[in-house]
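**Q**
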Amino acid sequence: MRTLDEIHEEIEGLSEERTELWHRLSDRHDPDVRAEIHAIDARLERLWDEHRTLRARLRFGDRDSIVARARVEERLERAA
C-alpha cells in the first residue's frame with residue numbers, strides 16, 4: 019500500500035503535466051492532447067479516490083473490522 023505522501027507526489031506531477039497540456043491545447047486544438055488530458059483527469063480521479071480511502075482507513079481502521087464492529091453492536095442492541 020502506498021503512503022499519502024506518495025499519492026500526493028503523483029497527483030502533483032500529473033497536475034503539472036495537465037497544466038502544460040492545457041497550455042499546448044490553448045495554442046492550437048489537438049485531439050491527441052485533448053485525449054491525454056482526459057486520461058490524466060481519469061487517473062487523477064482514481065488517485066483522489068485512493069487518497070480518500072487511505073485517509074479513512076488510517077483514521078477509522080480497516081473496512082472489514084468496522085463492519086464487524088457494527089454488526090456486533092447491532093446484535094447487542096437487539097439483545098438488549
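Numbering (the numbering used here), first residue to last: 19 to 98. Where is the CB? At the ideal position from N, CA and C, for every residue including glycine. The model shown is predicted, which means the values in this text are computed figures rather than measured ones.
At which residues does the alpha helix (DSSP H) containing ASP45 begin and terminate?
**A** It spans 22-45 - the alpha helix (DSSP H) in which ASP45 sits, taken as one unbroken run.
**Q** Do ARG73 and LEU22 come within 8 Å of each other at the CB atom, strictly closer than that value?
**A** For LEU22 and ARG73, yes; Cβs fall inside 8 Å.
**Q** Please work out which residues of its chain come closer than 8 Å, Cβ to Cβ, to MET19, disregarding the five sequence neighbours upstream and downstream, and give them in chain order.
**A** The residues are LEU72.
**Q** Please classify ALA98: does DSSP put it in a helix, a strand, or coil?
**A** Coil at ALA98, not helix or strand.
**Q** Using 10 angstroms around the beta-carbon of LEU94, count the other beta-carbons present and answer buried if the total reaches 16, otherwise exposed.
**A** Exposed, since its Cβ has fewer than 16 Cβ neighbours within 10 Å.
**Q** Rounded to whole angstroms, what's the CA-CA distance from ARG89 to ARG77? Just pull it up for me.
**A** C-alpha separation (whole angstroms): 20 Å.
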